[in-house]
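Reading through the structure tokens given below for one structure.
Protein chains: 2
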Amino acid sequence: MENFVFQNTTKIIFGKGTENNVGNEVKKLGKNILLHYGGGSIKETGLYNKVVNSLKEAGLNFIELGGVQPNPRLSLVYEGIELCRENDIDFILAVGGGSVIDSAKAIAAGVPYQGDVWDFYTHRAVVEEALPIGVVLTIAAAGSESSPGSVITKEEGNLKRDCLSDLLRPKFAILNPELTYTLPAYQTACGAADIMAHVLERYFTHTEDVDFTDRMLEAALKTVIKHTPIALDDPENYGARAQIMWAGTVAHGDLLGTGRVQDWASHNIEHELSGFYDVAHGAGLAVVFPAWMKYVYKENLARFAQYAVRVWDVEADFFDLEGLALEGIRRTEEFFSSIGLPVTLEELGIPDDKLELMAEMCTERGPLGNFKKLYKEDVMNIFKLAM
Amino acid sequence: MENFVFQNTTKIIFGKGTENNVGNEVKKLGKNILLHYGGGSIKETGLYNKVVNSLKEAGLNFIELGGVQPNPRLSLVYEGIELCRENDIDFILAVGGGSVIDSAKAIAAGVPYQGDVWDFYTHRAVVEEALPIGVVLTIAAAGSESSPGSVITKEEGNLKRDCLSDLLRPKFAILNPELTYTLPAYQTACGAADIMAHVLERYFTHTEDVDFTDRMLEAALKTVIKHTPIALDDPENYGARAQIMWAGTVAHGDLLGTGRVQDWASHNIEHELSGFYDVAHGAGLAVVFPAWMKYVYKENLARFAQYAVRVWDVEADFFDLEGLALEGIRRTEEFFSSIGLPVTLEELGIPDDKLELMAEMCTERGPLGNFKKLYKEDVMNIFKLAM
Chain A
43 MENFVFQNTT KIIFGKGTEN NVGNEVKKLG KNILLHYGGG SIKETGLYNK VVNSLKEAGL
103 NFIELGGVQP NPRLSLVYEG IELCRENDID FILAVGGGSV IDSAKAIAAG VPYQGDVWDF
163 YTHRAVVEEA LPIGVVLTIA AAGSESSPGS VITKEEGNLK RDCLSDLLRP KFAILNPELT
223 YTLPAYQTAC GAADIMAHVL ERYFTHTEDV DFTDRMLEAA LKTVIKHTPI ALDDPENYGA
283 RAQIMWAGTV AHGDLLGTGR VQDWASHNIE HELSGFYDVA HGAGLAVVFP AWMKYVYKEN
343 LARFAQYAVR VWDVEADFFD LEGLALEGIR RTEEFFSSIG LPVTLEELGI PDDKLELMAE
403 MCTERGPLGN FKKLYKEDVM NIFKLAM
Chain B
43 MENFVFQNTT KIIFGKGTEN NVGNEVKKLG KNILLHYGGG SIKETGLYNK VVNSLKEAGL
103 NFIELGGVQP NPRLSLVYEG IELCRENDID FILAVGGGSV IDSAKAIAAG VPYQGDVWDF
163 YTHRAVVEEA LPIGVVLTIA AAGSESSPGS VITKEEGNLK RDCLSDLLRP KFAILNPELT
223 YTLPAYQTAC GAADIMAHVL ERYFTHTEDV DFTDRMLEAA LKTVIKHTPI ALDDPENYGA
283 RAQIMWAGTV AHGDLLGTGR VQDWASHNIE HELSGFYDVA HGAGLAVVFP AWMKYVYKEN
343 LARFAQYAVR VWDVEADFFD LEGLALEGIR RTEEFFSSIG LPVTLEELGI PDDKLELMAE
403 MCTERGPLGN FKKLYKEDVM NIFKLAM
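Chains A and B supply the protein sequences, listed in that same order. Note that our numbering gives residue 74 to position 32 of the first sequence, counting from 1, and the numbers run on in steps of one. Note that our numbering gives residue 203 to position 161 of the second sequence, counting from 1, and the numbers run on in steps of one.
This is how it looks when you write it as structure tokens:
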């Protein structure tokens, strides 16, 4: 086990009807609020009205900035920063999923910063100050509601890059599983793949003596594997939606990653796919992760065998660890497929003419990952396994 | 799943050598420090010198109050409160285990309070202000290093009572598994039982749709069950000590108890035993918990069957849930016995002449627990099963 420092200060407010109290939570932290959201879905579902009413009842001033798109854009972040400065905004309330939260984090970091906020995403600067953020979550997926991370896409050059800072952890996150009832099946499935990928990036490690976190990571995986098909069959099943939502937040809050070297190559590879082709992040991960597994499993057969037995209930065969490993990978792929996700680049709608360019771009700052260091040719091999 | 609010702000600093940096951590939070500890063991192991040197290097003023006993006493808390007031103490550093931390919490709550600090433990008053606390942990057991709880014994009347307040969560906890190498085997085993009991109090619930937390609780149990015998055989096994220590902190930080009705009857019963007879808390729990299980398992056979299968790897027998339940309980008791703990009141050295009185006292404020509401006669029945 590696030494670590862990602190997750986000206050989680979980359960039915919790969004109706958002105004009182915000009031403890700010006066002039930016209400940040995505497309029109929160207006259709009535969530927008609930939030606005709660903010008004709490006597708060607020302005709005909607229009966050999946794979949130830098241009809207710039717009948000200007808007906050002009209106003396002291708190940002993100109502939506990972894209809205990540966009809010970028704005929060950008407002007090004299330079270009993109500096934080190119790692030319470190966040030293940020506006506080709160969240009303509408999709179980990104885990951004209690994580220090934000991923933003710069349209020019199709650059999708991330920034990490504990200053960007939301102060509170309101998690009502009922708010996910209206999600389309494909988005529910993409969310599940995103959660599972956050777990898998932490699970595949060579760090020894990580039994406790292994088992908690397995807990998160088994929970999502069990409850996603239930939620797809019965979208208003509160129990299933609640299990997935809480697992999704915990999966990326990093408690489950403490004391272990993590990988994150698959996420970096996927960022090229969604940066170039604007595919859903979860769908991209469902394609990349099984291919990554097929390429790297020999680096640690015991770990992949454990994964197959403990997560997928494959019967242990101590004479054939490789067979076990491959069966675990097969079931992973089969599961993604069964919940309606693509598992090949073709199914994802990605042609092969930019694969070289993407492999080049995602490795230009050095090799990816830790489980196996991946160079450009490795990424190309993974793309081939994903065809 | 129940609605919940969860926030655990304690900063965890985990790993080898981390205690050497305690001065710098304290310096961020206070200037005049009370260094609070127990008996002489931290002086024998050299930890005392390391901490004192680190405080001095950070340029901090500090005074000392040692002498905390297991089942920490109210009289020393009063002494600590006076000392803090006389010396303008603004931060308390607890170096030790649960007793030292709980004593520090009581002092921290008492200093700014005009009334009697015992009011917080009789629930006549609520903590509204407290000095900040930091911890250097020396035993994996109580989980007090990131919990909001404190348990103090008032010598007059043998009253062992608890107080809960988020204001009492330590600001930081330094967890170096190496510091537990020198623990006697019996204390290591008592610590394991304490951790397991914190998990079991949360595990046995009738709340439905708690799959994720069930599995995380099972993760903590399996970790402690696997690694405690290793640590007993090989006290300087870093991996085993680290797994137990991290599981112990997480087990009681309450993430694993989110969204579920918890029980806590066994803890309340045990508090009478250690309040009257000053036995080690973990040893008392090893006696009370199996007896409690034998008394209540019929309230939810499915849950006890799941416990047997998932935690103790008993082969599932769907035609005999009661047999499964009883086998899980038998293995729990057998495990405690195998690590050198008492599992009967007699082995714990407790005579039967005060059982009535203890059963009376622990139920005088109302019935105990939630899995099954326990009245005086129920507690007596549990004592009989523990004979």
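Quick reminder that beta carbons are idealized off the backbone N, C-alpha and C, glycines included. Just so it is clear, the structure is predicted and the values come from calculations on it, not from any experiment.
Collapsed DSSP secondary structure at residue i in the structure displayed
i: Ser207 (chain B); result: coil
i: Thr51 (chain B); result: strand
i: Ala151 (chain A); result: helix
i: Val195 (chain B); result: Checking the sequence, you will find Thr at residue 195 (chain B) rather than Val. Correct three-state label for Thr195 (chain B): strand.
i: Ile105 (chain B); result: strand
i: Ala347 (chain A); result: helix
i: Arg302 (chain B); result: coil
i: Val137 (chain A); result: strand
i: Val93 (chain A); result: helix
i: Ala307 (chain B); result: helix
i: Arg127 (chain A); result: helix
Min CB distance residue i to chain A below 9 Å
i: Asp253 (chain B); result: yes
i: Glu357 (chain B); result: no
i: Gly57 (chain B); result: yes
i: His269 (chain B); result: yes
i: Leu242 (chain B); result: no
i: Met258 (chain B); result: yes
i: Ala289 (chain B); result: yes
i: Ala307 (chain B); result: no
i: Asn45 (chain B); result: yes
i: Thr180 (chain B); result: no
i: Gln285 (chain B); result: yes
i: Asp250 (chain B); result: As written in the sequence, residue 250 (chain B) is Glu, which differs from the Asp given in the question. Yes, contact with chain A.
i: Thr60 (chain B); result: yes
Cutoff 9 Å: residue i Cβ touching any chain B Cβ
i: Tyr280 (chain A); result: yes
i: Gln229 (chain A); result: no
i: Lys69 (chain A); result: no
i: Thr51 (chain A); result: yes
i: Leu410 (chain A); result: no
i: Gly301 (chain A); result: yes
i: Phe377 (chain A); result: no
First through last residue of the alpha helix (DSSP H) which encompasses residue i
i: Phe331 (chain A); result: 323-338
i: Glu388 (chain A); result: 387-390
i: Ala273 (chain A); result: 253-275
i: Thr405 (chain A); result: 397-405
i: Leu221 (chain A); result: Unbroken run through Leu221 (chain A): none, as it is neither H nor E.
i: Phe378 (chain B); result: 363-380
i: Phe162 (chain B); result: 160-163
i: Leu242 (chain B); result: 227-245
i: Leu427 (chain A); result: 418-427
i: Ala172 (chain B); result: Unbroken run through Ala172 (chain B): none, as it is neither H nor E.
Exposure label - residue i; buried when at least 16 CB within 10 Å
i: Gln348 (chain B); result: buried
i: Leu210 (chain A); result: buried
i: Asp320 (chain A); result: exposed
i: Val168 (chain A); result: exposed
i: Thr164 (chain A); result: exposed
i: Arg244 (chain A); result: buried
i: Phe361 (chain A); result: exposed
i: Lys85 (chain B); result: exposed
i: Met400 (chain A); result: buried
i: Asn95 (chain B); result: exposed
i: Ala358 (chain A); result: exposed
i: Asn200 (chain A); result: buried
Inter-residue CB distance, residue i and residue j (contact presumed, cutoff 8 Å)
i: Tyr223 (chain B); j: Glu187 (chain B); result: 18 Å between Cβ atoms; not a contact.
i: Phe413 (chain B); j: Phe254 (chain B); result: Not really, about 20 Å apart at Cβ, beyond 8 Å.
i: Glu504 (chain A); j: Phe214 (chain A); result: Nothing can be reported for residue 504 (chain A): it is not among the residues displayed for chain A, which extend from 43 to 429.
i: Pro212 (chain B); j: Gly185 (chain B); result: Actually they do not touch by this definition, with Cβ atoms about 11 Å apart.
i: Ile54 (chain A); j: Thr291 (chain A); result: 7 Å
i: Ala322 (chain B); j: Cys232 (chain B); result: 5 Å
i: Val178 (chain A); j: Val137 (chain A); result: 4 Å
Host beta strand (DSSP E) of residue i (start-end)
i: Tyr79 (chain A); result: 74-79
i: Gly88 (chain A); result: Element bounds for Gly88 (chain A): n/a, residue is neither H nor E.
i: Gly176 (chain A); result: 175-179
Chain E residues whose Cβ lies nearer than 8 Å to that of residue i
i: Leu297 (chain B); result: This model lacks chain E altogether; the protein chains it does include are A and B.
Proximity test, residue i beta-carbon vs the ligand NAP heavy atom, cut-off 8 Å
i: Asp359 (chain B); result: You won't find the ligand NAP in this model; it holds no ligand whatsoever.
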